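S.K.: Right, I'll just put the structure down here and ask away after.
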Amino acid sequence: MLGRSRGGFSTKIHLKTDFDGHLIAFDLTGGEKGDAPHFPILLGLGPDVDPRAAVADKGYASKANRQAARSRGIIPVIPRKANEKGKPGFFAKAI
281 MLGRSRGGFS
291 TKIHLKTDFD
301 GHLIAFDLTG
311 GEKGDAPHFP
321 ILLGLGPDVD
331 PRAAVADKGY
341 ASKANRQAAR
351 SRGIIPVIPR
361 KANEKGKPGF
371 FAKAI
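Counting from 1, position 88 in the sequence shown corresponds to residue 368 in the numbering used here; the numbering is continuous, with no gaps.
What follows is the structure, given as structure tokens:
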């Protein structure tokens, strides 16, 4: 899947890995697409496992993504963006 950005054609690979970094699943998108909408897709991909936490970078930060993880019993570990409204972020000690 190719996307188009200012630099030309590009593709993003969204990865789902286990705690040791072994690949579980992936999703390909065009390079111009945002990361956040693909977080719920990644939660649903791969084998039927029950992770304790989902770790993602700021590109996946959103209230909806944190709620999607919590609704599956997963602790979301996603730093908040500087301009994101709401409570200040923290990292759960339960991980």
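Heads up, the beta-carbon is just placed ideally off N, CA and C, and yes, glycines get one too.
These numbers were taken from a predicted model, which means no experiment stands behind them.
What does a CB cutoff of less than 6 Å around I358 pick up in its chain, not counting 5 residues either side in sequence?
M.R.: Closer than 6 Å at Cβ, skipping near neighbours: A336, Y340 and A341.
S.K.: Can you tell which of H302, A316, G324 and L308 has its C-alpha closest to the C-alpha of K361?
M.R.: The shortest C-alpha separation from K361 is found at A316.
S.K.: Could you please give me the residues that DSSP links to A305 through a beta bridge?
M.R.: Answer is K296, bridged to A305.
S.K.: Fully enclosed by the segment 310–360, which alpha helix (DSSP H) runs are 4 residues long or longer?
M.R.: Listed in chain order, they are 319–324 and 343–351.
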